[in-house]
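J.: First the structure, which I've put down as structure tokens, then a few questions once you've had a look.
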Amino acid sequence: LGCCTTYLQCCDRPKNTNVRISLPAVCFVWQIAMIILFGIFIRYDQESDAHWIEYRKSQNISSDIENDFYFRYPSFQDVHVMIFVGFGFLMTFLKRYSFSAVGFNFLIAAFGLQWALLMQGWFQSLDPMDGKIKISMESLINADFCVASCLIAYGAVLGKLSPVQLMVMTLFGITLYAVEEFIILNLIHARDAGGSMVIHTFGAYYGLSISWMLYRPNLDQSKRLNGSVYHSDVFAMIGTLFLWMFWPSFNSAITDHGDGQHRAAINTYLALASTVLTTVAISSLSQKTGKLDMVHIQNSTLAGGVAVGTAAEFMLMPYGSLIIGFCCGIISTLGYIYITPFMEKYLKIQDTCGIHNLHAMPGVIGGIVGAITAAAASERVYGKEGLINTFDFTGEWKDMVPSRQGGHQAAGLCVALCFGVGGGIIVGCILRIPVWGDAPDDNCFDDELYWELPEEEESIPPILEDNNHMRNRDV
Amino acid sequence: LGCCTTYLQCCDRPKNTNVRISLPAVCFVWQIAMIILFGIFIRYDQESDAHWIEYRKSQNISSDIENDFYFRYPSFQDVHVMIFVGFGFLMTFLKRYSFSAVGFNFLIAAFGLQWALLMQGWFQSLDPMDGKIKISMESLINADFCVASCLIAYGAVLGKLSPVQLMVMTLFGITLYAVEEFIILNLIHARDAGGSMVIHTFGAYYGLSISWMLYRPNLDQSKRLNGSVYHSDVFAMIGTLFLWMFWPSFNSAITDHGDGQHRAAINTYLALASTVLTTVAISSLSQKTGKLDMVHIQNSTLAGGVAVGTAAEFMLMPYGSLIIGFCCGIISTLGYIYITPFMEKYLKIQDTCGIHNLHAMPGVIGGIVGAITAAAASERVYGKEGLINTFDFTGEWKDMVPSRQGGHQAAGLCVALCFGVGGGIIVGCILRIPVWGDAPDDNCFDDELYWELPEEEESIPPILEDNNHMRNRDV
Amino acid sequence: LGCCTTYLQCCDRPKNTNVRISLPAVCFVWQIAMIILFGIFIRYDQESDAHWIEYRKSQNISSDIENDFYFRYPSFQDVHVMIFVGFGFLMTFLKRYSFSAVGFNFLIAAFGLQWALLMQGWFQSLDPMDGKIKISMESLINADFCVASCLIAYGAVLGKLSPVQLMVMTLFGITLYAVEEFIILNLIHARDAGGSMVIHTFGAYYGLSISWMLYRPNLDQSKRLNGSVYHSDVFAMIGTLFLWMFWPSFNSAITDHGDGQHRAAINTYLALASTVLTTVAISSLSQKTGKLDMVHIQNSTLAGGVAVGTAAEFMLMPYGSLIIGFCCGIISTLGYIYITPFMEKYLKIQDTCGIHNLHAMPGVIGGIVGAITAAAASERVYGKEGLINTFDFTGEWKDMVPSRQGGHQAAGLCVALCFGVGGGIIVGCILRIPVWGDAPDDNCFDDELYWELPEEEESIPPILEDNNHMRNRDV
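Chains as they are written, first to last, in UniProt numbering: chain A, 1 to 475; chain B, 1 to 475; chain C, 1 to 475.
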């Protein structure tokens, strides 16, 4: 009890946004730690090692084009764009927080992907022969996926945390992700190609729980900065569109070669198209004169991609994808209109980007759809080999049947939820200690605190007009 | 006659821009119709179906890498970027119409691609065995192509139509496209890899005819908004560059595997490079002091890609591509300087983005170049098998000769023109009825009508200045 | 001596920024020359020619997927984006030079790639049978690489040269590049996959020497325009991120099929991630309150990609890549803080974009790292065949050993330096003659000189507010 009181007293100490010691220290120490750990643990796998040519001949692989690089690289680059430009620019919508949106997104993603390579490597690809982690293109995609969950969480706390806090949030987020991913994919043997559960559900509840722990009752003192301007909304559309366009690559990046990647891309493409129409419909209905709201167009149009993630590689059928997109567009947009204000007022969860509507709800829907689709799978639809391939009913899981697979999928969803909420609460406690340099309540959503800003725009006029203005003022 | 009078009277009724009923209704009803039609008609083809592994073995295909997905996917994603970011941002140049440019482009493309999958499927890939349309990556690329023609048409009417009208325009545009494409490619057996005729000529004349039918004599009442500001021109350059860079993928996306895709990409790359130089030259010549005009740089630099579309897969030779680009840069830029004002004044065609210069003229040139190049094809240049491959002289067309192919190409161009002009006039008539919520003449080019806009930029100053302002006002 | 005096007198003549004759003349004449030279010299190679199908059968190539197009095309498109959007937008950071940054980048790249195809073709792929240059996807990538070196040089002189001067600079830059590349790669047989030496070192010293020759003592008269505004910094981040994300494609685009491309992409990905953290650390340390500087984030975060260029295809090991990135982030950021001001003050080199920190120093480091890594290569690490493959110890170089290869790498670096500095000085002399239309010292960094600019932003307010303003003014 005394401990708890001390903790709460400690949390009430005044805030200091100077991060000149803490930010460089965190960056340097962690990066050096990465170098040491990479030196000890990480090596190339046989497809990226110079011995590939010998390996290829020994395995009778007929051509270099069968190197996994050529199956995965285009999707990898699309995912990479989603992580850095997609998430980064999606969050530039605030009028004076674009530097932080893009810049901190950049920083935590660059750190996160290194830590993810290690964490995921330890859990999933440690070579028992030499104790090394062997990395390839698929590892890089998985690292980017892992980072995505932390960037989703960033959306909930956008404008309220310091870069040091974001680094801490990412460190723990990646760690938790690697554990829950191992449990869901390896122990429970759930399938989750596009990460509806593993990435979106976990990431969103992780971020929302942190935001709940860091509730700021006086946040409306920063209200003047918690909104967009015309051009910042156009910048945010860059993020939206790159996420929307490349989502088929996201959901198909690590699915099976051949039909798996092909089908996942088609399903995602269709689900996203359908979402756009229902988002527009609900957005227009919600205003007296049928005007559209940029917040909905920027965010809810993506909900279909989230929800189709788990089931994208299954035989969902094209109309199934459209139905998922249809429902998620409606639910997500209604979430922005009704649930976000409700959560802020009654649940004390301040969700800057509305990730509850874009990632949490669609993620849970995606998990449920995945469980149902898996349970309903049949040899008639998939073919005998197709069923084994798609659900990986091999090795110790060779006696698995679709109906039980459905149960495993549902169990996976629960694990993701628990890790998200539980992890978020613990990390939130840590982040409340006022040593991390976060902003006071009346100065949130402001680049001024952590960035050298250029002079004001007013001083740009070309020479001639400038002189005229001067003259007028002199008179 | 009476009917006609009633129609014209009807067209003079005052306009009401409230789309709160019509827009959601159109989105919901059409999306539900899509779901039903997809449920009845659309299935995966053998390369995206879970039976692929069995099919692969039965066909003796040695590796998953020969799934068409790996031949087409990188090009597909580039085309996808062109449709959503390319066309969307190209039209953000207006000072207060960026939300609509990007947002409505997004809406009509997302609807259009679903409808295109159905229409093109019915005409071209209906499986006679089970009456289903089987879709694969190539279908998605074709759907994106089909959508492109409607987005081109959007360029002509930018700022003057309501979102409901745009949806109607897209519905009919996609339908007409599927018919003319079937006639040109299947019945006439013209080749049109990059769609100079099928996409650009059709789309541009469709849009211009609609704009002609919807002529607004008092449009200069909105003159204050029909122009750019500094930052909106930079946004538009994002669109220009993504179109320019990915055009080689556009023209090569559905050409033959191997040399066909390779050659189409090279030809397009060269034609576009050449266009940039002549565009800059003419733009500089057109001003007294040699200054460049952003309108030309944003648009005319792309004309070479349009004009090389049909012939991109032929043995055009690298210098041939340069010549096409050279001419189109000149013609397109001169079009912006002389023809667009002429058309507005004398032909009563208001063409907001100047699609006549970017798509119509280069598209027609592309069709003609295609006809000439096809007619001049010889076994010496192509090789015996190369000629058959490139022009698909197989099946019922196995006795075709290049000279006759040239004639068929020319016939294809005429069909595209007729469908564009004819279809545009009919659809224009429909859109003139004042029930679709379009803007009055003095309020065109304004996001205000259909979007919730953020507060003005003036209210962003940082706290200190803000306080000063307050104080001043209090005094 | 008399000649020299005349030259210097000539250089003091007043400047005239009218380029209405010179710019169109340069564009037209050079483009026509390109068409003629392409007509004489350039043809498709066997993988893009219609005879491919016959060639494929004669070579027993089992599938179209083994056409080099499918190995290279995704990387090519990424490199293409880096050249046009990456370099273009990176330079939009100046408040009133965004049109020129993107537009002139576009112009000189479009010209440069044509000239590069010719120059590189003459030196490296002239077919001795028929005296023709045979081009394929790899040629286009190499042309884009060649152009990159001139765009790097553009960074040093940004805002100070006219478009005509930039064209001249590009003409000579491409020519010099082709010669030094031939010497380094073919005569010296150094390896340089990502071009640390060939592209970055050469390009940067070429630009810096030109800037030194064109030193403007009174440049501070344009100080008001030599800075950024809020939105121009966000635009520049588009450039930064596309460069950062696609750099793995840049460094792997022309490496060996299979493990070579795979490994180069992984190494670059890691080096870049590491750079971000040390850049943030040093940037934050350099300010009193730990604030970050956008200049560092926009530029120094890319230094790791430059420095890992030469060694990216070697067995650098993942931790090796991290170490390179770690060091370059520090050095590059310190360069912006200390070296750029020093160079301007004492060495009379005005480096607008700080390419000395982003390209010159990391490029030299990359060359040195490449030499060391090559010298340390062993059969144990690479395998016998891997060593031969990676370093291309075949043909006349089949007796080469790693330690001597290290010496050749170092020799390559020296050649790149000499060509950069020497070439830059000569071209700088040419560009000083005041016939090219460059800006006077008090009007640098201004789009006004070469672009028709849109009216000022103040005149955009929506109608209602506008009326209010009117009324106020009337009162």
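Backbone N, C-alpha and C fix where the C-beta goes; we use that ideal spot for every residue, glycine too.
These numbers come from a predicted model, not from an experiment.
#1: Using DSSP's beta-bridge definition, name the partner residues of C/R43.
#2: Taking a cut of 7 Å between CB atoms, which residues from the region 88 to 113 of chain A lie near chain C?
#3: Note down, in chain order, each residue of its chain lying with its Cβ closer than 8 Å to the Cβ of A/A25, except the 5 sequence neighbours on either side.
#4: According to a CB-to-CB cut-off of less than 9 Å, which residues of the region 326 to 343 of chain B neighbour chain A?
#5: Decide if the region 403 to 417 of chain B is in contact with the region 365 to 375 of chain B; the criterion is three or more beta carbon pairs, one per stretch, under 8 Å apart.
#6: Could you confirm whether any beta carbon from chain A is found closer than 8 Å to the beta carbon of B/N18?
#7: When we look at the beta-carbon of B/K384 and count the other beta-carbons within 10 Å, is it buried (16 or more) or exposed?
#8: With a threshold of 16 other CB atoms inside 10 Å of the CB of C/P128, please say whether the residue is buried or exposed.
#9: Is B/F104 near B/P163, with beta carbons less than 8 Å apart?
#10: Check whether the Cβ of A/A148 lies closer than 8 Å to any Cβ atom in chain C.
#11: Give the DSSP bridge partners of A/W451, in chain order.
#12: Using the beta-carbon count (16 or more within 10 Å), is B/T394 buried or exposed?
#13: Mind checking if B/T310 is an interface residue toward chain C, Cβ cutoff 8 Å exclusive?
#14: In whole angstroms, what is the alpha-carbon distance linking C/R263 and C/N16?
#15: Compare the Cα-Cα distances from B/Y97 to each of B/H231, B/I337, B/F71, B/I184 and report the closest residue.
#16: Counting Cβ pairs closer than 8 Å, one from the region 247 to 265 of chain A and one from the region 301 to 314 of chain A, do we hit at least three?
#17: List the DSSP bridge partners of C/D127.
#18: State yes or no: is the C-beta of A/A190 within less than 8 Å of the C-beta of A/G412?
#19: So is C/N67 in contact with chain B if we call contact Cβ pairs under 8 Å?
#20: Please decide whether B/K15 counts as near chain C, where near means a Cβ-Cβ distance under 8 Å.
#21: In whole angstroms, what is the alpha-carbon distance linking C/D351 and C/C328?
#22: Is the region 111 to 129 of chain A touching the region 321 to 337 of chain A in the sense that three or more CB pairs, one from each, lie closer than 8 Å?
#23: Buried or exposed: B/A148, going by 16 or more other Cβ atoms within 10 Å of its Cβ?
#24: Could you work out which residues of chain C lie near A/H51, taking near to mean beta carbons separated by less than 7 Å?
#25: Going by the CB atoms, is the gap between A/L107 and C/V276 shorter than 8 Å?
#26: Are the C-beta atoms of A/F246 and some chain B residue less than 8 Å apart?
#27: Name the chain B residues that come within less than 7 Å of C/F38, Cβ to Cβ?
#28: DSSP puts C/L94 in a beta bridge; with which residues?
#29: Against chain C, does A/E452 count as a neighbour if the rule is that its beta carbon must be under 8 Å from one of theirs?
#30: Check for me: the alpha helix (DSSP H) holding C/V276 runs from which residue to which?
#31: Is there a Cβ of chain C sitting closer than 8 Å to that of A/E396, yes or no?
#32: Taking the alpha carbon of B/A374 as the point to measure from, which residue in B/A410, B/G363, B/F342 has its own alpha carbon closest?
#33: If you reduce the DSSP assignment to three classes, tell me which class A/S62 lands in.
#34: Indicate whether the contact test is met: 3 or more Cβ pairs, each with one atom in the region 172 to 189 of chain A and one in the region 416 to 431 of chain A, closer than 8 Å.
#35: Going along chain B, which residues have a C-beta under 9 Å from C/Y177?
T.: Taking the coordinates as given:
#1: C/K134
#2: G88, T92, S98, F99, V102, G103, F106, L107, A110, F111, L113
#3: none
#4: none
#5: yes
#6: The beta carbon of B/N18 sits closer than 8 Å to some beta carbon of chain A.
#7: exposed
#8: exposed
#9: yes
#10: no
#11: C/L292
#12: exposed
#13: The beta carbon of B/T310 sits no closer than 8 Å to any beta carbon of chain C.
#14: 51 Å
#15: B/H231
#16: yes
#17: C/K132
#18: yes
#19: yes
#20: no
#21: 19 Å
#22: no
#23: Buried.
#24: G383, G386
#25: Here C/V276 is near A/L107, since their CB atoms are less than 8 Å apart.
#26: Chain B has a Cβ within less than 8 Å of the Cβ of A/F246.
#27: P318, Y319, L322
#28: C/S228.
#29: So yes, A/E452 belongs to the interface.
#30: 259 to 285
#31: no
#32: The shortest C-alpha separation from B/A374 is found at B/A410.
#33: Three-state result, A/S62: coil.
#34: yes
#35: In chain order: nothing, as chain B lies at least about 17 Å away.
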